[in-house]
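Residue numbers (full-length UniProt numbering): 1 to 266.
Idealized CB from N, CA, C, for every residue including glycine.
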């Protein structure tokens with residue numbers, strides 16, 4: 001096994017370009033640095049540096065070793081930081097969330113978390129599921145608050161990247177429409193009853209779900225407006241621009257002139 005101290009000496013030699021400067025940085029003598037490099041070369045059976053009038057230059061095996069040593073050093077620093085966080089109660093929690101879910105589900109949870117863990121820095125970033133899940137996979141976020149309409153789950157059991165999908169709640173869909181709409185007093189409405197209506201469509205996933213649902217019901221959507229803001233979509237519906245598909249957590253029932261009717265399941 002390659003000696004870690006010799007790797008560190010090689011890193012310093014590479015960084016400073018000479019035995020003398022590396023020795024000064026490590027509080028060693030130049031001869032001690034030379035001995036460590038020589039021992040490393042004997043162990044490997046190949047030179048790791050060459051000497052020239054301009055100083056010390058790494059050979060190809062030497063460059064490979066230094067790259068490896070840098071990676072090891074970075075991992076050790078990261079491990080040290082994680083250990084410090086675990087033992088001191090400090091840390092950082094990054095949450096990626098879609099807008100409406102973050103507005104409804106996070107505030108109470110975050111209040112309790114911050115109270116219980118005052119030394120943990122909390123960072124919340126707004127992302128749609130197609131962007132938030134890759135953040136978690138890359139280690140740039142610790143968890144993602146996401147939604148899913150139909151089809152295969154975005155994270156399956158036994159996910160190779162170690163992600164786990166935990167359902168929090170079901171969120172039924174409703175149709176937002178003007179209060180004067182003929183269907184406004186219904187307990188429930190089927191999508192086929194809205195085939196001739198203009199639609200205010202929402203985010204890309206809601207739109208895709210709605211278009212697939214409409215196609216299965218045998219009609220094509222007539223789009224009168226588009227917005228990713230569900231509150232704006234409901235205001236537009238109340239104004240008579242069209243009807244809109246809205247998840248329950250995004251409902252704004254106090255909007256003047258607005259009626260909300262639950263959508264029958266597909």
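Are the beta-carbon atoms of residue i and residue j separated by less than 8 Å?
i: residue 127; j: residue 176; result: no
i: residue 189; j: residue 242; result: no
i: residue 173; j: residue 104; result: no
i: residue 113; j: residue 205; result: no
i: residue 274; j: residue 228; result: In the structure as shown, the chain begins at 1 and stops at 266. Residue 274 is therefore absent and cannot be evaluated.
i: residue 258; j: residue 233; result: no
i: residue 146; j: residue 133; result: yes
i: residue 121; j: residue 92; result: yes
i: residue 256; j: residue 222; result: no
i: residue 47; j: residue 98; result: no
i: residue 240; j: residue 178; result: yes
i: residue 266; j: residue 213; result: yes
i: residue 9; j: residue 37; result: yes
Taking the DSSP output, what are the residues bridged to residue i?
i: residue 178; result: 258
i: residue 52; result: 55
i: residue 244; result: 176
i: residue 144; result: 96
If you reduce the DSSP assignment to three classes, tell me which class residue i lands in.
i: residue 7; result: helix
i: residue 263; result: strand
i: residue 350; result: Given a span of 1 to 266 for the chain in the structure shown, any question on residue 350 remains unanswerable.
i: residue 29; result: coil
i: residue 15; result: helix
i: residue 47; result: coil
i: residue 24; result: helix
i: residue 62; result: helix
i: residue 170; result: coil
**Request:** Just list the beta strand (DSSP E) runs in the stretch 188 to 240, keeping only unbroken ones of 3 residues or longer that don't cross its boundaries, in chain order.
**Result:** If we require 3 residues or more, the beta strand (DSSP E) runs fully inside the stretch 188 to 240 come out as 198 to 201, 222 to 226.
**Request:** Run through the stretch 75 to 135 for me and flag every whole beta strand (DSSP E) of 3 or more residues, listed as ranges in chain order.
**Result:** 91 to 97, 120 to 126
**Prompt:** Three or more C-beta pairs closer than 8 Å, one from the stretch 128 to 140 and one from the stretch 180 to 195: is that the case here?
**Reply:** no
**Request:** Take every Cβ of the stretch 45 to 61, pair it with every Cβ of the stretch 10 to 25, and state whether three or more of those distances are shorter than 8 Å.
**Result:** yes
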